[in-house]
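The letter at position 108 of the sequence shown is residue 89 when you use our numbering, and the numbering goes up by one with no holes.
What follows is one structure encoded as structure tokens, with my remarks underneath.
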Amino acid sequence: MQAYQSPPCPYCGVTWNEPGAQTCANCRNPLPPPQASYTPPGYSPGAPAGPPQSVPGQAPGYPYGAPNYPPQQAYPQAPSYPGAPAGYPGQAGPGGPPPQYPSYAPPGYAPPQGYPPQPGAYGQAYPSYAPPAAAAPAGTTLRVLGQTFTVPVVVPPGLLQYQQQIVYGLAGVLALLVVLFGITPVLASSQISAGDQALTAAASHQSRVDAVLVQFMGAQSNANDPTAMKVQFDKLGKSFNDGLTLVQSDEAAVNTADQRLSWLQWATPSKASNITSERRRLDAALVGLKQADTALTAAVNETKVIQPYIDALIDYTKIGAALAKHDIVGAGALYPDAQAKMQTAISLAGAPGLPPQIAKQLNSFNQLLGDTESLIQAIQAKNAADIKKYTDAMQVALKAMSSPAETLPADYESKTFGPMQKAYDAAMKAIKS
-18 MQAYQSPPCP YCGVTWNEPG AQTCANCRNP LPPPQASYTP PGYSPGAPAG PPQSVPGQAP
42 GYPYGAPNYP PQQAYPQAPS YPGAPAGYPG QAGPGGPPPQ YPSYAPPGYA PPQGYPPQPG
102 AYGQAYPSYA PPAAAAPAGT TLRVLGQTFT VPVVVPPGLL QYQQQIVYGL AGVLALLVVL
162 FGITPVLASS QISAGDQALT AAASHQSRVD AVLVQFMGAQ SNANDPTAMK VQFDKLGKSF
222 NDGLTLVQSD EAAVNTADQR LSWLQWATPS KASNITSERR RLDAALVGLK QADTALTAAV
282 NETKVIQPYI DALIDYTKIG AALAKHDIVG AGALYPDAQA KMQTAISLAG APGLPPQIAK
342 QLNSFNQLLG DTESLIQAIQ AKNAADIKKY TDAMQVALKA MSSPAETLPA DYESKTFGPM
402 QKAYDAAMKA IKS
């Protein structure tokens, strides 16, 4: 005799649920309602479930038992689900209603209310694919920025589909054209005018700059009177600084105008020739201004070295006067100040534009100061040998200072910086013409 088997549970697959059960005895999930099925002969629709009644003339257990087959005992049913162990969350107490468990809806059924759709074989959502949109038909109407326009020609469907992108692209091109042909030409004209003003200002300073260059190349120092040299070079130092400041100011203004025009040259095709011509004038002026800058920088650097050197010469003259009066203490007291001034002069001797003869002469004079200090100490100690030694050393230093290796020719400045002044004058003349 075959045991009764229920339809398999869609969740756990057991087939031993009782007939008509609404929930699975194993997993406690709701079972789908019974489906209509074919009724075999001898059964009436809607008859209660159970073993078929025997028909006279048939063997007991028909249609399950075979003729002459010994009657079979009832097949034992599987034990029912005992339920969750004691203390399990959601378990009902004795005599209470059975606990409710979240369930998964079978195919074709919505999930229970309050539970989200579960992934897997049941309740899984799959992405849907919308059919491709039909291409827009050709027309004569465009919609731009919320406004509708009618054009006199038929617009192809491809253009209608991307009309917003096309309009934005055309707007960008139009804006670029406005910048290139409307705004940058005005800026270019303004910068060309600013360049002309910078050139005019530089040319107006030519006479003042030339006067300073003449002072530098014609200055003659009186080595026999250090005090007069100090007054002379104090005035020259101020004049040289003023001239250099003026030239560098003109140079900066012209250079700024040239840089601005270089930025506008590629963005202003309508003014390209005017900008090129103006930049040539600016570049020529810059060449001349740089020549004047180099010459006046050398003049300023030379003055910075000569001024402390002259102060040290003045102190050395006082030392000689004290020695002549046999004032050994007074002569020795002047040495530290003179030596400090010489260190300042030596530290500046390597500045741009200064010839090497200046540094050599400064070192020889510094040696002369040291030998003089040693002579003073030898006199105080009454050491005749040292007195003769340092007296001879002082003569060697004085002879070196007057040698051609440590002195500049009288025409050194005019030969070295005269061509620079001519280049500057030629540049300024070109601006005026």
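Backbone N, C-alpha and C define an ideal beta-carbon position, used for all residues, glycine too.
Keep in mind it's a predicted model, so treat the numbers as computed, not measured.
query	result
Residue from Asn205, Gln320 and Leu168 with nearest C-alpha to Trp247	Leu168
Residue interval of the alpha helix (DSSP H) (run including Ser414)	From DSSP, Ser414 is part of no alpha helix (DSSP H); its letter is neither H nor E.
Proximity of Gln272 and Ala408 at Cβ, strictly below 9 Å	yes
Own chain, CB closer than 7 Å to Tyr371, minus 5 neighbours either side, in chain order	Asp352, Ser355, Leu356 and Ala359
Beta-carbon proximity list for Ala233, same chain, < 6 Å, skipping 5 on both sides	none
Nearest-angstrom Cβ-Cβ length linking Leu304 and Ala314, presumed shorter than 8 Å	The pair is not a contact, with the Cβ atoms about 12 Å apart (cut-off 8 Å).
Segments of 4+ residues assigned as alpha helix (DSSP H) that fall wholly inside the stretch 325 to 386	337 to 362 and 365 to 382
Start-to-end residues for the alpha helix (DSSP H) that takes in Tyr297	Ala253 to Ala305
Reference Gln288, options Ile339, Leu263 and Gly218, closest by Cα	Gly218
Proximity of Leu267 and Val235 at Cβ, strictly below 9 Å	yes
Closest residue to Ala381 among Leu350, Pro390 and Phe346 (Cα-Cα distance)	Phe346
Buried or exposed (CB count within 10 angstroms, at least 16 for buried), Gln(-14)	exposed
Boundaries of the alpha helix (DSSP H) in which Trp247 is found, first to last residue	First-last for Trp247: undefined, no H or E at that position.
Ser220 classed as buried or exposed, judged by whether at least 16 other C-beta atoms fall within 10 angstroms	buried
Whole-Å CB distance - Pro207 paired with Thr298, under 8 Å assumed	6 Å
Spatially closest choice to Cys8 from Asp406, Arg262, Val193 and Cys(-7), by CA coordinates	Cys(-7)
Thr397, DSSP secondary structure in three states	helix
Contiguous beta strand (DSSP E) assignments of at least 3 residues, all confined to the stretch 183 to 240	none
Option nearest Gln361 by Cα separation, candidates Pro(-9), Asp308 and Val281	Asp308
Beta-carbon gap between Met210 and Leu294 smaller than 9 Å	yes
Residues near Asn344 in its chain [Cβ-Cβ closer than 8 Å; skip 5 each side]	Ile327
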